[in-house]
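K.L.:
Okay, handing you the structure first.
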Amino acid sequence: MTKKVEINQAQRVINVHHVTRLEGHGNILLRMEGGRVQQIEWQVPEAPRFFEAMVRGQSWEDIQTIVSRICGICSVTHSLAAIKAIEDAMQIKVSEQTDRLRLLTHYAEHLESHVLHVGYLVAPDLLGVKSVVPLASSSPDLVKTVIRLHRLANKWMELLAGRMTHPVTFRPGGFLRLPSADDLKKLHEQLRDCIPDLDRLAQAVAGLKDKLPDFTRETEYVALKQKDDYTFYHGAIGSSDIPETLPVQQFESAVNEYVSPQSTAKWAKWHRASYAVGSLARYNLNGKYLRPRAGKLAAGLGLGGKNCNPFYNSLAQLVECFQVVEHALEIIDELLEKGIKTEKIMLKPRAGEGVGAIEAPRGILFHRYEFDRNGKCLKANLCIPTNQNHANIQKDFEAFVPQIIKRPAGEIQHLLEMLVRAYDPCISCSTH
Amino acid sequence: MSKPKVAIFDFACCEGCQLQIVNLEEELLDLLTVVTPVEWREAMSESSADYDIAIIEGSITRPQDEERLKAIRAKAKVLIAMGACAAITGVNRLMNKFIEAGKATTYVYGPAANQPHLQSGKARAAHEIVKVDYKIHGCPIDNREFSAILRSLLAGKAPFIPTYPVCVECKQKGNICRYEYDEVCLGPVIRAGCGARCPSSGLWCFGCRGYAEEPNVKAALDVMDLYGKTMNDLRSRLDLFAGPEAESHDQKS
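Chains F and G are the protein sequences, given in the same order.
Just add 1223 to the spot in the first sequence (first one is 1) and you have my numbering.
Just add 5 to the spot in the second sequence (first one is 1) and you have my numbering.
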């Protein structure tokens, strides 16, 4: 019922039945004998919810309401991927204002998700405790900083998305409740004022950096790419293994999903046996386009031109917290300068098929839908970031365990849990 | 109960309701002075088989999950179904017709559809399997309501959960009715308590809190008549969260 951890010293078996402090249900199984690995598995037993079936027969107007429920932490991202796919299918163009407001909302989710992960889920490992609860008394300043940043990100999301989770202001063709100039000015102030808090969080984590294991494994990194931009929202599919990009409409030939017997979520591979998506992948592909503060932090943290330590994904997330805040401030300035204009959304559905691709906090996300002429959904295919990371977690395990096999079982278990956590997996999302 | 032990367990869902608890921020630290969390996999590494209050998130879809829920019920003094998935099956109900037709795994997993680990039963709410003492509605839950319900419970009072429809709160907010925009809104039949968040943001109510108690279907039909809509217009949207109870209410009216 509860978390089950079996460590059998005689046979050297580690069986973590539901790794904690991550979204969804994942297990680790490790069997060792005579100092060698017999079996190492990253398992995903999450209950499937069959979203690709669920949306069949549903109206184009209700799709984003349904699929935002794929994920409680990245619901804005899922809604936006769906809306972009619907607009692609029905050849709907949106105004620059709508595009910027969506990106601004998307950034709020990145900040919220990254602060949640670094502050609430990873920090306890770095400080040697089991959750954030004891930190409230042992590191009150850090916890208060995390809470302030997390609350700000949520308020930011609530202002633009209508709610903190499962947004209600997105519709194909437009943006439903427009923020006022005053709202945006206030948000601008709050974001500007949060930078000292971001600095405090960055300093705290930088000071604990040596608690992150020194483990590197070069893999393929995949993320959206667009000219001269650290993109989260537009672009084509980029990979560290190829110089060119692939149009998002062809995402199936990049992800090559397959079913693994150890997982209810599908796995993915492209040019190698596995690839990685997420903050570190984005950093490795687009790091040179970071805004000044973000770029400075990346250099200060020693991320280098390309970084292949999966544990450093949490550091890349921290860098992105600065990136989204810095870019958001610019977007708000632009919006205020141009003035927020009321737009009429008048749309009729049409038949078609389309793809939406977007960078979720955990990596690149793809949605494909097909509609009939009444806007009824005929078919869907959704490929989630954590789907794309599962095989890479397995490959990391295979490379990492031999390096740590001589350590006590409890320590091996803890390091493997930390490795899974570094990916910030959204497991229920990946099984969807 | 003096400082009761609370455990949170998740089943098939997006875990967004747990996130709303985290989103309480400082208030969560306050709550921790009156309850002791003993198991909460998403936020803590500790686990325990000894708890007073079990909070269930998510729908139950597979035999192993049904067994797990029954075992939790056997240990808990109070069991709370948190959020639409646990309380009313939520959007998970949309998978059920595909499970019945034997198509769900095919549409998702293609040629691998028959592999044993991918099989699933229909999605069910917690009360379809065990006795549920309280429900916290919404997709996601409203965290202030969560906090208020938990505090009432600790004070030995019955928590206040609105029985009237969303329209009441929507009118209080002074919103223009979504029907005026030629949209289909479920406000007239859906349980309030959300502060009419969606209509206030420019979107129709899609029913995430389930039906109001004894929804006035007659009045709702009158509204629809007035705007040239029929029960058929409502049906596919009602399917999203509230489900087929509409049929029986429909017949009653």
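The C-beta atom is built at its ideal place from N, Cα and C for all residues, glycine as well.
If you're wondering where the values come from, they're calculated on a predicted model, not measured in any experiment.
(1) Out of curiosity, what's the CA-to-CA distance linking valine 1542(F) and serine 1302(F)?
(2) On the criterion of 16 or more Cβ atoms from any shown chain inside 10 Å, does glycine 1528(F) qualify as buried, or is it exposed?
(3) List, from N- to C-terminal side, the alpha helix (DSSP H) runs of 4 residues or more that fit wholly inside the stretch 1446-1532 of chain F.
(4) List, in chain order, every chain G residue whose beta-carbon is nearer than 7 Å to that of proline 1271(F).
(5) Please compile the residues from chain F whose C-beta is within a distance smaller than 7 Å of the C-beta of alanine 117(G).
(6) Take lysine 274(G) and list the residues in its own chain whose beta-carbon comes closer than 7 Å to its own, dropping the five residues that flank it on each side.
(7) Give the residues of chain G in contact with alanine 1276(F), contact being defined as C-beta atoms less than 7 Å apart.
(8) For glutamine 1281(F), return the contacting residues in chain G, with the cut-off set at a CB-CB distance below 9 Å.
(9) Do you know whose CA, among Glu1441(F), Ser1486(F), Asp1348(F) and Tyr1453(F), lies nearest proline 1533(F)'s CA?
(10) So, for isoleucine 1289(F): in the same chain, excluding its five sequence neighbours on each side, which residues have a beta-carbon less than 7 Å away from its beta-carbon?
(11) Report back the beta-carbon spacing between valine 43(G) and glutamate 30(G) to the nearest angstrom; my notes put them in contact at under 8 Å.
(12) Under DSSP, the beta strand (DSSP E) around alanine 86(G) begins and ends at which residues?
(13) Measure the alpha-carbon distance for asparagine 1231(F) versus isoleucine 1263(F) and round it to whole angstroms.
(14) Less than 8 Å between the C-beta atoms of cysteine 1652(F) and valine 1338(F), yes or no?
(15) Could you name the residues that DSSP lists as bridge partners for cysteine 1600(F)?
(16) With DSSP run on the structure shown, which of helix, strand or coil describes tryptophan 1379(F)?
(17) With distance defined between alpha-carbon atoms, name the residue in Tyr1453(F), Gln1626(F) and Ala1583(F) nearest to leucine 1334(F).
(18) Quick check on glutamine 1626(F): does DSSP put it in helix, strand or coil?
(19) Who are tyrosine 1444(F)'s beta bridge partners in DSSP?
(20) Using beta carbons (cut-off 8 Å, strictly below), is lysine 1567(F) in contact with chain G?
(21) Determine, using beta carbons only, whether alanine 1270(F) and alanine 17(G) come nearer to each other than 8 Å.
(22) I want to verify the contact list: residues of chain G whose CB lies under 7 Å from the CB of glutamate 1246(F), in sequence order.
(23) Quick one: list the residues of chain G neighbouring aspartate 1406(F), beta-carbon separation under 8 Å, in chain order.
(24) Where does phenylalanine 14(G) sit, in a helix, a strand or coil, going by DSSP?
(25) Name the two residues that bound the continuous alpha helix (DSSP H) containing proline 42(G).
(26) Using three-state DSSP, classify phenylalanine 1438(F) as helix, strand or coil.
(27) Going by beta carbon distance, what residues of the same chain come within less than 6 Å of proline 1390(F), once the five residues before and after it are set aside?
(28) Nearest-angstrom Cα distance between lysine 1432(F) and glutamate 1284(F)?
(29) Count the other C-beta atoms from every protein chain shown that fall within 10 angstroms of the C-beta of glutamine 256(G), then say buried if there are 16 or more, exposed otherwise.
(30) From tryptophan 45(G) to tyrosine 1456(F), what does the alpha carbon distance come to, in whole angstroms?
(31) Kindly indicate which residue of Gln1426(F), Phe1620(F), Phe1623(F) and His1494(F) has the alpha-carbon position closest to the one of valine 1445(F).
(32) Rounding to the nearest angstrom, what Cα-Cα distance links lysine 1602(F) and phenylalanine 1438(F) in this structure?
(33) Name the DSSP bridge partner or partners of glutamate 1256(F)?
P.N.:
Checking against the coordinates, here is how it stands:
(1) Looking up residue 1542(F) in the first sequence gives position 319. Looking up residue 1302(F) in the first sequence gives position 79. In a straight line, the C-alpha of valine 1542(F) is about 25 Å away from that of serine 1302(F).
(2) Along the first sequence, one-based indexing puts residue 1528(F) at 305. The residue is exposed, with fewer than 16 neighbouring Cβ atoms inside 10 Å.
(3) 1475-1478, 1502-1509 and 1515-1523
(4) Residue numbering aside, residue 1271(F) sits at position 48 when the first sequence is read from its first letter. Here the neighbours are Val113, Leu123 and Ser125.
(5) As a first step, residue 117(G) must be located in the second sequence, where it is residue number 112. Here the neighbours are Val1482.
(6) The first residue shown for chain G is 6 and the last is 258, placing residue 274(G) beyond what the model contains.
(7) As a first step, residue 1276(F) must be located in the first sequence, where it is residue number 53. Those within 7 Å of alanine 1276(F) in chain G are Met100, Phe103, Lys108, Ala109, Tyr112 and Val113.
(8) Along the first sequence, one-based indexing puts residue 1281(F) at 58. Per Cβ cutoff of 9 Å: Leu99, Ser241, Asp244 and Leu245.
(9) By one-based count along the first sequence, residue 1533(F) stands at place 310. It is Glu1441(F) whose Cα lies nearest to the Cα of proline 1533(F).
(10) Within the first sequence, the letter at position 66 stands for residue 1289(F). The answer, listed in chain order, is Met1277, Val1278 and Gln1281.
(11) Here residue 43(G) is taken as the residue at index 38 of the second sequence, counted from 1. Here residue 30(G) is taken as the residue at index 25 of the second sequence, counted from 1. At roughly 21 Å, the Cβ-Cβ gap does not stay under 8 Å, so valine 43(G) and glutamate 30(G) are not in contact.
(12) As a position in the second sequence, residue 86(G) is number 81, starting the count at 1. Alanine 86(G) -> beta strand (DSSP E) spans 83-87.
(13) Here residue 1231(F) is taken as the residue at index 8 of the first sequence, counted from 1. Here residue 1263(F) is taken as the residue at index 40 of the first sequence, counted from 1. Straight-line Cα distance between these residues: approximately 15 Å.
(14) As a first step, residue 1652(F) must be located in the first sequence, where it is residue number 429. As a first step, residue 1338(F) must be located in the first sequence, where it is residue number 115. No. Outside cutoff.
(15) Position 377 of the first sequence, counted from the start, is the residue given in the question as residue 1600(F). DSSP lists Phe1594(F) as partners of cysteine 1600(F).
(16) Working through the first sequence from its first residue, we reach residue 1379(F) at position 156. Three-state DSSP puts tryptophan 1379(F) in a helix.
(17) Along the first sequence, read from residue 1 onward, the residue named residue 1334(F) stands at position 111. Considering only alpha carbons, the answer is Ala1583(F).
(18) What you label residue 1626(F) is simply residue 403 of the first sequence in a count that begins at 1. Correct three-state label for glutamine 1626(F): helix.
(19) Reading the first sequence from its first residue, position 221 is the one you call residue 1444(F). DSSP, once it has assigned bridges, lists Ala1499(F) as partnering tyrosine 1444(F).
(20) As a first step, residue 1567(F) is located in the first sequence; it is residue number 344 there, counting from the start. False, the Cβ-Cβ gap to chain G never drops below 8 Å.
(21) Position 47 of the first sequence, counted from the first residue, corresponds to residue 1270(F). Position 12 of the second sequence, counted from the first residue, corresponds to residue 17(G). Yes, they are a contact pair.
(22) The residue given as residue 1246(F) occupies position 23 in the first sequence. Here the neighbours are Glu20 and Glu47.
(23) As a working note, residue 1406(F) is residue 183 in the first sequence. Going along chain G, no residue has its Cβ under 8 Å from aspartate 1406(F), so there is no contact; the nearest lies around 13 Å.
(24) Translated into positions along the second sequence, residue 14(G) becomes position 9. If DSSP states are grouped into helix, strand and coil, phenylalanine 14(G) belongs with the strands.
(25) Along the second sequence, one-based indexing puts residue 42(G) at 37. No alpha helix (DSSP H) contains proline 42(G), which is instead part of the beta strand (DSSP E) from 41-45.
(26) Here the question's residue 1438(F) lines up with position 215 in the first sequence. Coil.
(27) If you number the first sequence from 1, residue 1390(F) lands on position 167. Excluding positions up to five away in sequence, the list reads Val1299, Ser1302 and Ala1384.
(28) The residue labelled residue 1432(F) in the question sits at position 209 within the first sequence. The residue labelled residue 1284(F) in the question sits at position 61 within the first sequence. Answer to the nearest angstrom: the Cα atoms are 46 Å apart.
(29) For the purposes of this step, residue 256(G) is identified with residue 251 of the second sequence, where counting begins at 1. Confidence at glutamine 256(G) is low in this model, with a pLDDT of 35, below 50, so the placement of that residue should be treated as unreliable; the coordinate-derived value is given next. Per the 10 Å Cβ criterion, exposed.
(30) Residue 45(G) sits at position 40 when you count from the first residue of the second sequence. Residue 1456(F) sits at position 233 when you count from the first residue of the first sequence. C-alpha separation (whole angstroms): 33 Å.
(31) Along the first sequence, read from residue 1 onward, the residue named residue 1445(F) stands at position 222. The shortest C-alpha separation from valine 1445(F) is found at His1494(F).
(32) Position 379 of the first sequence, counted from the first residue, corresponds to residue 1602(F). Position 215 of the first sequence, counted from the first residue, corresponds to residue 1438(F). The alpha-carbon atoms of lysine 1602(F) and phenylalanine 1438(F) are separated by roughly 42 Å.
(33) Taking the first sequence and counting its residues from 1, the one referred to as residue 1256(F) is at position 33. Its beta-bridge partners are Arg1259(F).
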